[in-house]
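**Q** Following this message is one structure expressed as structure tokens.
There are 2 protein chains.
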Amino acid sequence: MANEQEPTIYSVAREAQVSISTVSRVLNSPHLVKQETRDKVLKAIDQLGFVPKAAAQAQAKKQLGRVGVLTPFFTHPSFVQRMRGIASVLASNSYELVIYPVELVDQVYYYLETIPVTRRLDGLITMALTMDDTVAERFVANNFPAVLMEFEHSAFSNVLVDNIRGGRIAAEYLLGKGHTRCAFVGDGGLPEYSIRPSDGRYTGFNQIFIEKGIDLPADHVIFPTPDQVLDKIEQLLNSPNRPTAIFAASDELAMQVLTVARRKELTVPKDLAVIGFDDLDFASHIGLTTISQQLDESGKIAAEFLLKQIQNPEQPKLNITLQLSIIERDTV
Amino acid sequence: MANEQEPTIYSVAREAQVSISTVSRVLNSPHLVKQETRDKVLKAIDQLGFVPKAAAQAQAKKQLGRVGVLTPFFTHPSFVQRMRGIASVLASNSYELVIYPVELVDQVYYYLETIPVTRRLDGLITMALTMDDTVAERFVANNFPAVLMEFEHSAFSNVLVDNIRGGRIAAEYLLGKGHTRCAFVGDGGLPEYSIRPSDGRYTGFNQIFIEKGIDLPADHVIFPTPDQVLDKIEQLLNSPNRPTAIFAASDELAMQVLTVARRKELTVPKDLAVIGFDDLDFASHIGLTTISQQLDESGKIAAEFLLKQIQNPEQPKLNITLQLSIIERDTV
DNA sequence: GTGAAAGCGCTAACAG
DNA sequence: CTGTTAGCGCTTTCAC
């Protein structure tokens with residue numbers, strides 16, 4: 001066996017009897033190299049099994065080929081599905097996806113403070129995270145590209161969800177189906193650094209009832225914390241004037257409504273109509289009627305925008321709001 | 333305003349009137365620096381707002397502080413939940429988590445071939461991915477640490493799931509509850525490069541029936557592809573000798589069984605008992621009885637092991653199998 | 001304790 | 001088209 005040294009461009013250069021620059025060129029701009037020498041180098045390259053070391057490349061180049069996603073509890077399906085969209089465009093542009101899950105407030109701050117200055121990333125996407133001016137300024141001061149999802153700050157491009165509109169759509173749909181005793185189930189108790197999409201969805205939902213002069217009783221609107229969900233829903237369904245339709249602010253809540261319905265042997269949608277929000281993967285698996293916010297697509301768009309900004313810092317910032325649409329399945 | 337240059341150790345050194353080595357030291361081994369000079373440097377550091385550039389550090393050090401996870405369809409909840417475990421130990425050891433989602437066979441190969449040689453990572457965790465000897469050899473040849481989850485190869489440490497045992501547990505539990513007409517629903521049509529956990533779960537399930545001499549009719553065992561699931565389950569529940577209990581090889585399948593049951597207005601568990609596998613987050617939300625494979629924990633263990641191996645290449649390889657346990661909720 | 005100096009492995013002008 | 005050379009920004013011996 002030959003000498004087993006970590007192959008570098010130097011050893012390749014020696015082997016091929018050329019300079020390191022030539023080796024670097026056949027790697028980065030092959031068209032600048034004469035066919036003949038290129039072949040010679042290529043031969044040496046796979047003879048030695050040479051592969052450029054990523055860290056060294058990154059150090060010499062300005063690009064790292066890596067973007068990060070900062071997300072609260074990244075296991076929440078809606079975030080994961082957006083990441084799938086992000087991942088797909090990153091992959092096709094050969095960027096790596098680094099995930100920073102945050103569970104504590106401190107972590108958000110830590111990441112938001114270090115990321116723009118350590119430059120271990122080419123850009124960042126944040127999900128449902130609030131961002132204050134101080135932090136934003138650090139990003140712009142360091143000229144660090146970022147796009148925010150589900151939160152708006154003028155210093156960045158933002159990919160937004162029109163939650164109010166979503167709530168209105170749900171209300172109109174339910175009302176259109178003839179329901180008049182409706183209820184709303186939202187997400188209670190999210191971490192402080194995360195936004196609460198439920199709020200806007202409720203606002204929009206309620207707006208329609210007000211506009212149409214239909215009653216949406218206060219006790220038909222609940223925002224249970226995760227561990228209260230099942231109980232609160234059960235109370236709701238035990239109330240004397242039990243709702244005939246429920247708008248759950250997320251598919252996960254809708255699934256839980258379905259669970260309580262099953263336990264109480266209520267037939268869906270006959271006894272109880274249920275509509276969710278998000279159109280997660282599993283929504284189609286369980287035939288849940290829901291409002292799609294095009295999660296995958298929104299992730300793609302965010303990623304595409306971030307890449308554009310990385311490649312061209314002059315890229316104007318802008319806000320994007322995706323279309324919402326009702327996906328009719330069999331729970332309404 | 334002062335001169336706005338990217339602060340480097342050089343500028344800090346100049347500002348503090350010391351050498352760059354000293355600056356580097358207060359950053360990496362402060363105890364080697366006299367208190368006095370340390371303070372001087374520290375002062376210069378935050379006066380200039382200096383932060384070491386990650387890429388340069390990585391280039392000079394041997395460590396990158398970054399591990400990767402290679403996973404088929406990373407949106408599958410069971411993978412995501414394992415990643416949560418992985419992420420938590422990585423975070424507490426200040427390692428970054430980079431995700432390589434694979435959707436095509438080619439990608440698996442690409443990553444498996446490039447990762448060990450480009451060294452953009454300190455180590456890799458693969459999930460439910462088959463790994464052949466050629467690839468394995470490249471890893472050991474490059475001395476690249478990896479741990480495999482849900483697949484066993486002697487060149488690595490492996491974190492395994494005893495699927496057969498899981499199937500047996502399910503069967504014994506159902507039989508113990510007095511069910512004799514049981515059925516099995518597995519996962520059909522997974523990508524070729526991914527393993528099929530359903531198979532082992534079925535094997536174990538079936539074993540018990542054979543051992544006890546109880547019939548598990550062939551038409552009560554189905555492996556539908558994703559788009560067939562609902563239909564096949566419905567057929568199952570329409571059969572003349574309809575099963576009184578179903579073991580679904582994953583919580584997601586179980587959820588779909590529940591959906592069909594709802595549509596057919598079957599009461600669970602009275603008319604139909606359902607048990608799943610995985611104990612995903614949502615299992616508790618919907619009161620699903622299931623078999624826990626400690627997803628989070630297994631991710632943690634895999635990550636801990638990988639880190640050990642990264643820190644000490646001599647670390648002996650080993651196989652870990654987590655305990656399975658039944659989580660009784662209200663669908664059985 | 002601290003500084004000088006030699007890399008790390010590659011890219012990117014700059015000449016020729 | 002190809003080689004020379006100067007970095008990239010930090011870590012790490014090795015002396016003093």
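Sequences listed follow chains A and B, in order.
Residue numbers 1 to 332, in our numbering, belong to the letters of the first sequence in order.
Residue numbers 333 to 664, in our numbering, belong to the letters of the second sequence in order.
In this text, a Cβ means the ideal position worked out from N, Cα and C, and glycines have one as well.
Buried or exposed: where does GLN305 (chain B) fall if 16 or more other Cβ atoms within 10 Å of its Cβ makes it buried?
**A** Nothing can be reported for residue 305 (chain B): it is not among the residues displayed for chain B, which extend from 333 to 664.
**Q** Does GLU428 (chain B) get closer than 8 angstroms to chain A when you measure Cβ to Cβ?
**A** Answer yes: the Cβ-Cβ gap between GLU428 (chain B) and chain A drops below 8 angstroms somewhere.
**Q** Taking only runs of the alpha helix (DSSP H) that begin and end inside the segment 507-580 of chain B, which ones reach a length of at least 4 residues, in chain order?
**A** DSSP runs (the alpha helix (DSSP H)) wholly in the segment 507-580 of chain B: 529-544 and 561-570.
**Q** Note down, in chain order, every chain B residue with its Cβ under 9 angstroms from the Cβ of GLU265 (chain A).
**A** Going along chain B in sequence order, the residues near GLU265 (chain A) (Cβ under 9 angstroms) are GLU597 and THR599.
**Q** Rounded to the nearest angstrom, what separates VAL373 (chain B) and ASP132 (chain A) at their Cα positions?
**A** One C-alpha to the other measures close to 30 angstroms.
**Q** Would you check if there are 3 or more beta carbon pairs closer than 8 angstroms linking the segment 95-108 of chain A to the segment 312-324 of chain A?
**A** Counting Cβ pairs under 8 angstroms, fewer than three are found: no touch.
**Q** Which residues of chain B have a Cβ atom closer than 7 angstroms to the Cβ of ALA56 (chain A), listed in chain order?
**A** Per Cβ cutoff of 7 angstroms: GLN391.
**Q** What residue range does the beta strand (DSSP E) around LEU429 (chain B) cover?
**A** Where LEU429 (chain B) is concerned, the enclosing beta strand (DSSP E) stretches over 428-434.
**Q** Looking at ALA245 (chain A): is its Cβ nearer than 8 angstroms to the Cβ of MET149 (chain A)?
**A** Against a cut-off of 8 angstroms, the Cβ pair of MET149 (chain A) and ALA245 (chain A) comes out as no contact.
**Q** Skipping 5 residues on each side, what residues in its chain have a beta carbon closer than 6 angstroms to that of ASP279 (chain A)?
**A** For ASP279 (chain A), where only same-chain residues beyond five positions count, the Cβ hits under 6 angstroms are THR290, SER292 and ILE327.
**Q** Which chain B residues are close to PHE282 (chain A), counting only those with a beta carbon under 9 angstroms from its beta carbon?
**A** Under the 9 angstroms cutoff, chain B gives PRO409, GLU584, MET587, GLN588 and PHE614.
**Q** In terms of residue numbering, what span does the alpha helix (DSSP H) encompassing ILE642 (chain B) cover?
**A** First-last of the alpha helix (DSSP H) with ILE642 (chain B): 627-643.
**Q** If we call anything under 8 angstroms between Cβ atoms a contact, is LEU121 (chain A) one with ILE431 (chain B)?
**A** No, the pair does not count as a contact, with Cβ atoms beyond the cut-off.
**Q** Helix or strand or just coil, what does DSSP make of VAL268 (chain A)?
**A** Three-state DSSP puts VAL268 (chain A) in coil, outside helix and strand.
**Q** Beta-carbon of GLY287 (chain A) versus every beta-carbon of chain B: anything under 8 angstroms?
**A** So yes, GLY287 (chain A) belongs to the interface.
**Q** Using the beta-carbon of each residue, which ones in chain B are nearer than 8 angstroms to LYS34 (chain A)?
**A** Per Cβ cutoff of 8 angstroms: no residues; LYS34 (chain A) is ~27 angstroms from chain B at best.
**Q** Say whether the segment 302-316 of chain A touches the segment 266-280 of chain A, bearing in mind that this needs 3 or more beta-carbon pairs closer than 8 angstroms, one atom from each stretch.
**A** Too few Cβ pairs lie closer than 8 angstroms, so no.
**Q** Nearest chain A C-beta to PRO529 (chain B) closer than 8 angstroms, yes or no?
**A** Taking Cβ atoms only, chain A never reaches closer than 8 angstroms to PRO529 (chain B), which makes this a no.
**Q** If contacts are defined as beta-carbon pairs under 8 angstroms, then THR340 (chain B) and ALA54 (chain A) qualify, I think. What distance do you get, rounded to the angstrom?
**A** Contact doesn't hold; Cβ gap of about 22 angstroms is too wide.
**Q** Run down chain A in chain order and give the residues with a C-beta less than 8 angstroms from the C-beta of ALA419 (chain B).
**A** Near ALA419 (chain B) (Cβ distances below 8 angstroms), the residues of chain A are PHE74, ILE99 and PRO101.
**Q** Among A:GLY85, A:ASN28 and A:GLU211, which residue has its Cα nearest to the Cα of ALA171 (chain A)?
**A** Checking every option, the nearest Cα to that of ALA171 (chain A) belongs to A:GLU211.
**Q** Excluding five sequence neighbours on each side, which residues of the same chain lie with their C-beta closer than 8 angstroms to the C-beta of VAL664 (chain B)?
**A** Excluding residues within five positions, the ones whose Cβ falls inside 8 angstroms are TYR505, LEU506, LYS509, ALA577, PRO601, ALA605, VAL606, ILE607 and THR621.
**Q** I'd like the list of long-range same chain contacts for MET1 (chain A), defined as Cβ closer than 8 angstroms, with 5 residues on each side in sequence excluded.
**A** No answer about MET1 (chain A) holds up, because its pLDDT of 34 lies below 50 and its placement is not dependable.
**Q** Roughly how many angstroms separate the alpha carbons of VAL260 (chain A) and LEU230 (chain A), rounded to a whole number?
**A** Roughly 7 angstroms between the two C-alpha positions.
**Q** Please name the residue in A:PRO240, A:ALA155 and A:PHE151 whose C-alpha comes closest to that of ARG138 (chain A).
**A** The option with the nearest alpha carbon to ARG138 (chain A) is A:ALA155.
**Q** Given that GLN81 (chain A) touches chain B, what residues does it touch there, using C-beta distances under 8 angstroms?
**A** What GLN81 (chain A) touches in chain B: THR407.
**Q** Exposed or buried, what is GLY381 (chain B) when buried is set at 16 or more other beta-carbons lying within 10 Å of its beta-carbon?
**A** Exposed.
**Q** Is VAL117 (chain A) helix, strand or coil when you go by DSSP?
**A** Residue state, collapsed to three classes: helix.
**Q** Just grab the DSSP bridge partners of MET459 (chain B) for me.
**A** DSSP, once it has assigned bridges, lists B:MET481 as partnering MET459 (chain B).
**Q** If distances are taken between C-alpha atoms only, which option among B:GLN539, B:SER630, B:VAL517 and B:ARG594 comes closest to ALA581 (chain B)?
**A** Taking only the C-alpha atoms, the option nearest ALA581 (chain B) is B:VAL517.
**Q** So, with DSSP's three-state summary, where would you put PRO404 (chain B)?
**A** Residue state, collapsed to three classes: strand.
**Q** With respect to the beta strand (DSSP E) encompassing LEU160 (chain A), which residues constitute its N-terminal and C-terminal limits?
**A** Here the beta strand (DSSP E) through LEU160 (chain A) covers 157-160.
**Q** Against chain A, does ARG452 (chain B) count as a neighbour if the rule is that its beta carbon must be under 8 angstroms from one of theirs?
**A** By this cut-off, ARG452 (chain B) is an interface position.
**Q** With DSSP run on the structure shown, which of helix, strand or coil describes ILE164 (chain A)?
**A** Reduced to three states, the DSSP call for ILE164 (chain A) is helix.
**Q** Contact criterion: CB-CB distance below 8 angstroms. Does LEU396 (chain B) meet it with respect to chain A?
**A** Yes, its Cβ sits closer than 8 angstroms to a Cβ of chain A.
**Q** Whose CA, out of A:ILE286, A:ILE125, A:ALA60 and A:PRO116, lies closest to the CA of PHE305 (chain A)?
**A** The residue with the shortest Cα to Cα distance from PHE305 (chain A) is A:ILE125.
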